[in-house]
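Read the structure below first, then the notes.
Protein chains: 2
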Amino acid sequence: MSQGWDSSIKDELQMVEQEIHRSIGSKQPILTEICDYVISSGGKRMRPGVTILSYLASGGKEVGEVVKIAAAFEMIHSATLIHDDINDRSEMRRSHLSAYKKFGLQQALVSGDFLFVKAFAIGGFFNEEIVNLVAEACTAIAESEIVQFEKEGEVAPLDVYLGIVEGKTAKPIMAGARIGAYLANADPDRIHAMGEYGLNIGMAFQIVDDILDIVGTESSLGKPRMVDFFEGKATLPMIYAMEDPQVVPRLSQLFHKKVKGEKDVEEAWAIIARTDAVERSKLKANEYAEKALAALNGLPDSEHRLGLQRLATKVVDRNY
Amino acid sequence: MSQGWDSSIKDELQMVEQEIHRSIGSKQPILTEICDYVISSGGKRMRPGVTILSYLASGGKEVGEVVKIAAAFEMIHSATLIHDDINDRSEMRRSHLSAYKKFGLQQALVSGDFLFVKAFAIGGFFNEEIVNLVAEACTAIAESEIVQFEKEGEVAPLDVYLGIVEGKTAKPIMAGARIGAYLANADPDRIHAMGEYGLNIGMAFQIVDDILDIVGTESSLGKPRMVDFFEGKATLPMIYAMEDPQVVPRLSQLFHKKVKGEKDVEEAWAIIARTDAVERSKLKANEYAEKALAALNGLPDSEHRLGLQRLATKVVDRNY
Chain A
603 MSQGWDSSIK
613 DELQMVEQEI
623 HRSIGSKQPI
633 LTEICDYVIS
643 SGGKRMRPGV
653 TILSYLASGG
663 KEVGEVVKIA
673 AAFEMIHSAT
683 LIHDDINDRS
693 EMRRSHLSAY
703 KKFGLQQALV
713 SGDFLFVKAF
723 AIGGFFNEEI
733 VNLVAEACTA
743 IAESEIVQFE
753 KEGEVAPLDV
763 YLGIVEGKTA
773 KPIMAGARIG
783 AYLANADPDR
793 IHAMGEYGLN
803 IGMAFQIVDD
813 ILDIVGTESS
823 LGKPRMVDFF
833 EGKATLPMIY
843 AMEDPQVVPR
853 LSQLFHKKVK
863 GEKDVEEAWA
873 IIARTDAVER
883 SKLKANEYAE
893 KALAALNGLP
903 DSEHRLGLQR
913 LATKVVDRNY
Chain B
603 MSQGWDSSIK
613 DELQMVEQEI
623 HRSIGSKQPI
633 LTEICDYVIS
643 SGGKRMRPGV
653 TILSYLASGG
663 KEVGEVVKIA
673 AAFEMIHSAT
683 LIHDDINDRS
693 EMRRSHLSAY
703 KKFGLQQALV
713 SGDFLFVKAF
723 AIGGFFNEEI
733 VNLVAEACTA
743 IAESEIVQFE
753 KEGEVAPLDV
763 YLGIVEGKTA
773 KPIMAGARIG
783 AYLANADPDR
793 IHAMGEYGLN
803 IGMAFQIVDD
813 ILDIVGTESS
823 LGKPRMVDFF
833 EGKATLPMIY
843 AMEDPQVVPR
853 LSQLFHKKVK
863 GEKDVEEAWA
873 IIARTDAVER
883 SKLKANEYAE
893 KALAALNGLP
903 DSEHRLGLQR
913 LATKVVDRNY
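Going line by line, the protein sequences match chains A and B.
Letter 119 of the first sequence, counting from 1, is numbered 721 in the numbering used here, and no numbers are missing.
Letter 86 of the second sequence, counting from 1, is numbered 688 in the numbering used here, and no numbers are missing.
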């Protein structure tokens, strides 16, 4: 019987939910409602999961502290989702209306700030090393969002694309993984290795997200297909497709159209599907997943190590 | 010769500027540029000033730590200004284009997040008591913004209005004043008293801001007069004016107009000016300023105590 990557930490993930719900309590019920709406509407809890598994696999025994920091990372993630949807004017997220569509821009913006504050309040109770790691991760998110805005409407070079993915997705997961090992009193090499696991799993995860934006269906994605293309964001499959000189002229033309119709998007989809772009993207994601697995070398066998291994497989082998 | 309220802390305020500039450094120059634009464009540095004066007047000698926390409060303040302008669609702030008008919504939103993160990174290096005070202040800001949105287009009862002012303006200044005294190792009574000073000076300051929105000129304000009225925000003079049954019918009609023209705003201005609303608002602001002064009772004489006293006078006796 196949088990989930998180089967060894069900209790801890439940504690994370409780910590989040405790943290988002407010005198203003709408703040709690919006935060709860965003946090409850799906999400794979990969960020807290990696943090907790990293802690337990590194020999940690008392989960109280790591649960708190895992909750903080999930809250930071949710805050960025709320603000991202405002910035991208995204109407749907995980089959639900985005927070700003449902509750209004003002309320959503402030709820994102509120979540940041509450997450940092948790992080602030830890020592300088942890505060630094949390702050660096949040800085990386903001900085890579800026690069993403600047590159909107362009097919960025591969290294720029990978830099954006690293800052927006991989570095926060890396920070969580590092903190997990740090709290377990792991040695510096182990802390570094767990960080590498987090970084690479994050890269793989985001690339697969980008692939799913092309090969997924509206019902599996919970939002329309090819949203990135429609919004002028060149993701890895698009970057690879543009390396094929035969498709460049038309695909470029479609990508650079300021107002894209449904037909344009469908045509671009068909063009990308004809190239080897999706296959190459999958190989790239697999490469990262393998690096994540390799980072676990030397980690003692345990159900938690197994969970981390399963997650590396799951991340590249999913359709939602 | 009359001296400024901040004449005893010029060096420390300079250190705050340096701390802020060090903190907002980024690999993405636009983030630094936006933060610098907002932080440099005027501002009275009242928040860091109160924190530092509270520290020094309470006997603090080593300004290194209080400068950091003072910088953090100014950065949090600037972050909320950036996000507020997005939420209010305000085009002007302190005679400059608002950040979102100048740099675009996405860039401004992320810059606000970036400033929050950097401010919290500073706050996170302090102990739990301080982290709690900073987090509570930020929570109060977010919660009172929500109340403000909910009351937009209504003439809120006096206590609701005062609650919004307390959360948005007074509690953050209170937290800074408390932390100043705390870092100076003041006893709990002194910490409480300095908090009362900050709370009351904040109330007075915001009420005077609301008065200036009515009696000020576009050139002294750096933005159009009666912006609050135009945006459907009932401030203290409006609330008082609405207590005059003679003016209620027409003033209410103008206030509730969904689309207000220049003539509507001018007419409303003339109506409010005919009542005693501005005078009563000034009395209320004076009341708070006097409470702030009273909170300084028992504080040993010093140039810093004098600075706090001068600030209490200055806050209610200014035209910009």
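Positions of the beta carbon are idealized from the N, C-alpha and C atoms, including for glycine.
Asked: Beta carbon of A:K753 nearer than 9 Å to that of A:I766; Found: yes
Asked: Residue nearest to A:E614 in terms of C-alpha spacing, selected from A:D638, A:I688, A:E905, A:V668; Found: A:V668
Asked: Boundaries (first-last residue) of the alpha helix (DSSP H) holding A:F832; Found: 829-832
Asked: Residues, ordered as in the chain, of the stretch 615-631 of chain A that lie near chain B by beta-carbon distance below 8 Å; Found: S628, K629, Q630
Asked: Residues near B:K862 in its chain [Cβ-Cβ closer than 6 Å; skip 5 each side]; Found: F832
Asked: B:Q605, buried or exposed, once every other Cβ within 10 Å from all chains shown has been counted against 16; Found: exposed
Asked: Alpha carbon of A:C637 to alpha carbon of A:L717, nearest angstrom; Found: 7 Å
Asked: Same chain, Cβ closer than 7 Å to A:G726, neighbours up to 5 away in sequence not counted; Found: V733
Asked: Whole-angstrom distance between B:A739 and A:V749, CA atom to CA atom; Found: 31 Å
Asked: Strand pairing of A:R695, partner residues [DSSP]; Found: A:H698
Asked: Proximity of A:A737 and B:V719 at Cβ, strictly below 9 Å; Found: yes
Asked: Selection from A:A891, A:M840, A:L895 that minimises the alpha carbon distance to A:T877; Found: A:M840
Asked: Cutoff 9 Å: B:A674 Cβ touching any chain A Cβ; Found: no
Asked: As assigned by DSSP and simplified to three states, the class of B:N899; Found: coil
Asked: Any C-beta of chain B under 9 Å from that of A:I748; Found: yes
Asked: Residue-chain proximity (A:G834, chain B), Cβ-Cβ < 9 Å; Found: no
Asked: Interface partners of B:I688 on chain A, CB under 7 Å; Found: L711
Asked: Presumed contact (8 Å Cβ cut-off) between A:Y890 and A:A806, rounded CB distance; Found: 4 Å
Asked: Contacting residues, own chain, Cβ-Cβ under 7 Å from A:L901 (five flanking each side not counted); Found: A659, R907
Asked: As assigned by DSSP and simplified to three states, the class of B:E664; Found: coil
Asked: CB contact below 9 Å: A:T771 versus chain B; Found: no
Asked: Cβ-based contacts, 7 Å cut-off: residues of the stretch 718-741 of chain B near chain A; Found: F718, V719, F722, A723, G725, G726, F727, E730, V733, A737, C740, T741
Asked: Proximity winner among B:M776, B:D811, B:N787, relative to B:M796 (alpha-carbon distances); Found: B:M776
Asked: Coil, strand or helix - B:K860 by DSSP; Found: coil
Asked: Contact belief for A:M844 with A:L856 at Cβ below 8 Å, rounded distance in angstroms; Found: That belief does not hold up - the Cβ atoms of A:M844 and A:L856 are roughly 11 Å apart, past 8 Å.
Asked: The stretch 676-685 of chain A / the stretch 820-836 of chain A touching (three or more Cβ pairs under 8 Å); Found: no
Asked: Distance between A:R920 and A:R792 (C-alpha atoms, nearest Å); Found: 28 Å
Asked: Test item: CB-CB of B:V652 and B:L898 under 9 Å; Found: no
Asked: Any C-beta of chain B under 9 Å from that of A:G714; Found: yes
Asked: Coarse secondary structure for B:F728, derived from DSSP in three states; Found: coil
Asked: Simplified DSSP state of B:W871, which is helix, strand or coil; Found: helix
Asked: Local Cβ density within 10 Å of B:D903, reported as buried at 16 or more and exposed below that; Found: exposed
Asked: As assigned by DSSP and simplified to three states, the class of B:Q605; Found: coil
Asked: Within chain B, partners of A:Q855 - CB distance below 8 Å; Found: Residues of chain B passing the Cβ test: none, with the nearest at roughly 26 Å.
Asked: From A:N787, A:T741, A:D866, A:I809, residue whose alpha carbon lies closest to that of A:E664; Found: A:N787
Asked: Alpha carbon of A:M603 to alpha carbon of A:K704, nearest angstrom; Found: At A:M603 the pLDDT is 40, less than 50, meaning the model places this residue with poor confidence; the figure from the coordinates comes in the next sentence. For A:M603 and A:K704, the distance between alpha carbons rounds to 40 Å.
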